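So in full-length UniProt numbering, spot 621 of the sequence shown is number 621, and the numbers just go up one at a time. Yeah, the Cβ is synthetic: ideal placement off N, Cα and C, and Gly gets one too. Since the structure is predicted, the reported quantities are computational estimates derived from the model, not experimental observations.
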Amino acid sequence: MRKNEEYCEVCSTAETLNTEQHEHGYGLLSYINKEELYIIVVAGIMLATGLIIENYLNLTLLSNLLFLLVIAISGREIIINAIKKIFEKRITINLLMTIAAAGSFIIGHGEEGATVVYLFYIAETIEKGAIRRTHKSLEHLLKLSPKKARVKRGEKEEEVNVEEVNVDEIIAVRPGDIISLDGVVVSGASAVDESHITGEYIPVYKKTGDKVYAGSKNLDGYLEVRVVKRSGERLVDRILKLVSEARNRKSKIEKFVDKFAKYYTPSVIVLAILTATIPTLLLQQDWETWIYRSLVLLVIACPCALVISTPVTILSSLITSSRHGVLVKGGMYIEEMNRVKAVAFDKTGTLTSGKPTVTDFILVSNKISTHEALSILYSIESISSHPIARAVTSFAENKKASRLEVKMLENIPGRGLKAVIGAKQYLVGSPSWLASLGYEIPSDIDYLQKSGKTCILLADEEDILCAVYLMDVPRAESVYTISHLKQHGIKTVMLTGDNANVANAVASKLGIEEWHANLLPEDKLRILGKLKERYGSVAMVGDGINDAPALAKADVGIAMGAAGSDIAIESSDIALMRDDITKIPYLVDLSIKTSRRLRENIISSILVKASLGVLTFMGLTTLWIAVAVGDMGVSLAVILNALRITGVKPVKKHHKVEKTLVLEHPVMQTRG
1 MRKNEEYCEV CSTAETLNTE QHEHGYGLLS YINKEELYII VVAGIMLATG LIIENYLNLT
61 LLSNLLFLLV IAISGREIII NAIKKIFEKR ITINLLMTIA AAGSFIIGHG EEGATVVYLF
121 YIAETIEKGA IRRTHKSLEH LLKLSPKKAR VKRGEKEEEV NVEEVNVDEI IAVRPGDIIS
181 LDGVVVSGAS AVDESHITGE YIPVYKKTGD KVYAGSKNLD GYLEVRVVKR SGERLVDRIL
241 KLVSEARNRK SKIEKFVDKF AKYYTPSVIV LAILTATIPT LLLQQDWETW IYRSLVLLVI
301 ACPCALVIST PVTILSSLIT SSRHGVLVKG GMYIEEMNRV KAVAFDKTGT LTSGKPTVTD
361 FILVSNKIST HEALSILYSI ESISSHPIAR AVTSFAENKK ASRLEVKMLE NIPGRGLKAV
421 IGAKQYLVGS PSWLASLGYE IPSDIDYLQK SGKTCILLAD EEDILCAVYL MDVPRAESVY
481 TISHLKQHGI KTVMLTGDNA NVANAVASKL GIEEWHANLL PEDKLRILGK LKERYGSVAM
541 VGDGINDAPA LAKADVGIAM GAAGSDIAIE SSDIALMRDD ITKIPYLVDL SIKTSRRLRE
601 NIISSILVKA SLGVLTFMGL TTLWIAVAVG DMGVSLAVIL NALRITGVKP VKKHHKVEKT
661 LVLEHPVMQT RG
């Protein structure tokens, strides 16, 4: 196993390998506890001994005694639970097995009755192991959160229980420590492993002002963190709570199977009684033969595989998605994602980066050089905290602009900036503002604005000197996401409050055919309603805050970047813990695979049991075959098939996403 790989080569789990502990077991056997293993071994030895004594020594009494001991050891819980449920007026699978075992002894087939109970116990144990396996990630998440924290109080560091730490206290986090509480870095810098929250295995560099989360591992630097969430309110606590609640939110197919099993089991008992009595009473057939066949039918008809297949499949899907930084609030949303015919995306911060980037720089006048123009812009814009100013400052820094002394700076709200550098006054602002002041705006300035770009101009007291164009550029991953959805026949729609020029430019770049611009939150609700009328099931992807009403309106609401937002987690049906839009294709793939596994498991269970049922009436099956193939065999097959879902993984960025890069290198032009 290599720690620089994302997935373990041995077990292929999605657990990240830059955490120190990564345990391997031997498949489902590693999730069977010692007591269960002891019962399997001891009862197995007794069963084998009984079969040898009966077949080779002909000591029937002794062999039957051993068979009874096998039932007492491996079938104790089965029989007790069957009796308890009878008093509760409920007929369960355990009763079917109890009747089959008792009937086998009555008609002189004690060895088969013991085998039925023993193999059923193994099947039940494997099912429990499968559930434990799917719960492993949650247990791992719990273990990640330390019980103690180092709190700075006065001049000392005190190690206290995390429950005793209050909001706004400062905790010290040394290299190698697990961060105990959510907070904001107030001192220090370090690489932090947040893989348990985001599913991203690459460490994140944290510095003063950055958020950190409980359970994250501080890799190499010393940090001081101001606590913002008490124990019990941490992000990791909310994730655990929501995933636990998700287990109880059953999908439609789960509800159907539960309801089906409720009526199915009593029906099987009635069918077994009819099988034993009708041929013997009406057709004068041998009663022992048909009682035996009715017992075989009871075992074959046991709905274990059918009942276990759905929850194991859904739970595997929920847990594996959480390990990849996708928090799904219930099986019904995995199921609904497979029915989604259209996905509506908010533009800003979802399909795009959410911040402006310089795409074009045009030197209009020959009075100054490009370096001089950039230096003037850099000196003025670096004083402002406006997002556009920050983008221009970053661009100028990359072009090695010089910082000049600004003697006077005046902010004109909604217009731009006035500044004095040296003996000259400069203006930085929109074309409309400068036009209103009497400046002659170059005729072709409007061209790039129509392509969805924002323009700011730099002017001295006489002329326009240069033009800078900015755009909230699409994410590199968005093209891959849109293309993947189209391959699955899913319609993509973009909703934005931005103007039509910007909307058209972004939609064209990403290959989105339908877009709606200049939208208020209520407009998004109206359009979502129309999309649902047109396509049926619709998903909405947004930031979870501004888009909260739309997320609630959609059949599946998906919030991006939920790790830093309580509102995003609460308002969505599915929360992506990072701003990683490639998790949308992953969700689609996961829902398709989950639905496929469910269908495979249900259909195969019914076909195998129906086939064995026909063979039973023909006298071609035995209790051995019934339990080994019809019960334990099918149960094991559907469990293993369900666990294959853990192999569904998000796209690796370096494999696919970079090929679809859409960010532009700034275009530098000179005129004059």
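Per DSSP, the continuous alpha helix (DSSP H) segment holding glutamate 77 begins and ends at 76-87. Rounded to whole angstroms, the separation of the alpha carbons of leucine 576 and leucine 318 is 13 Å.
Glutamine 285 sits in coil when the DSSP states are folded into three classes, being neither helix nor strand.
In its chain, beyond the 5 residues on either side, Gly113 have a beta carbon closer than 6 Å to the beta carbon of phenylalanine 105.
If you draw a straight line from the Cα of leucine 66 to the Cα of glycine 50, it comes to about 6 Å. Glutamate 336 is a Cβ neighbour of valine 556, given a cutoff of 8 Å. Sorting Glu124, Val186, Pro650 by C-alpha distance to the C-alpha of arginine 76 places Glu124 at the top. Under the three-state reduction of DSSP, lysine 229 is assigned to coil, being neither helix nor strand. Taken atom to atom, the span from the alpha-carbon of arginine 596 to that of valine 588 is near 12 Å. By DSSP's assignment, phenylalanine 617 forms no beta bridge with any residue. Under the three-pair Cβ rule at 8 Å, the stretch 293-309 counts as touching the stretch 621-633. Residue environment: threonine 310 is assigned as buried (16 or more neighbouring CB atoms within 10 Å of its CB, all protein chains considered). Per the coordinates, the alpha-carbon of isoleucine 73 lies some 53 Å from the alpha-carbon of valine 538. Contact between the stretch 358-374 and the stretch 627-638 is absent: fewer than three C-beta pairs spanning the two stretches fall below 8 Å. Serine 375 and serine 402 have their C-alpha atoms roughly 5 Å apart.
Rounded to whole angstroms, the Cβ separation of lysine 593 and tyrosine 535 is 22 Å, and the two are not in contact under 8 Å. Looking at the DSSP output, threonine 492 sits in a beta bridge with Val343.
The beta carbon of alanine 550 sits closer than 8 Å to the beta carbons of Ala344, Asp346, Leu495, Pro521, Lys524, Leu525, Leu528, Met540, Gly542, Gly557 from its chain, once the five residues preceding and following it are set aside; these are given in chain order.
A direct Cα-Cα distance of roughly 33 Å separates leucine 315 from lysine 530. Secondary structure of isoleucine 412 (DSSP, three-state): strand.
Counting every other CB atom within 10 Å of its CB across the protein chains shown gives aspartate 444 a total below 16, marking it as exposed.
For serine 379, the enclosing alpha helix (DSSP H) covers residues 370-381. Closest in C-alpha terms to valine 117, from the list Val186, Ile71, Lys147, comes Ile71. Check the Cα spacing between asparagine 601 and each of Ile645, Met618, Met560, Glu158: the tightest is with Ile645. DSSP links tyrosine 469 through a beta bridge to Asp360, Cys455.
With 16 or more neighbouring CB atoms inside 10 Å of its own CB, aspartate 573 falls in the buried class. Going by beta carbons, isoleucine 464 and valine 428 fall outside the 8 Å limit.
Pairwise C-beta distances place the stretch 161-179 in contact with the stretch 225-235, as three or more of them are shorter than 8 Å. The stretch 183-192 makes contact with the stretch 209-217; the number of CB pairs closer than 8 Å reaches 3 or more. 8 Å or more divides the Cβ of valine 479 from the Cβ of glycine 452. The three-state secondary structure of leucine 404, taken from DSSP, is coil. Among the bridge pairs identified by DSSP, valine 326 is matched with Leu576. In the three-state DSSP reduction, serine 267 falls in the helix class (H, G or I). For lysine 532, there is no enclosing beta strand (DSSP E); the enclosing alpha helix (DSSP H) covers residues 521-535. Annotation for threonine 393: Tyr378, Glu381, Ser382 place their beta carbon closer than 7 Å to its own, counting only its chain and skipping 5 residues before and after. For serine 432, the enclosing alpha helix (DSSP H) starts and ends at 431-436.
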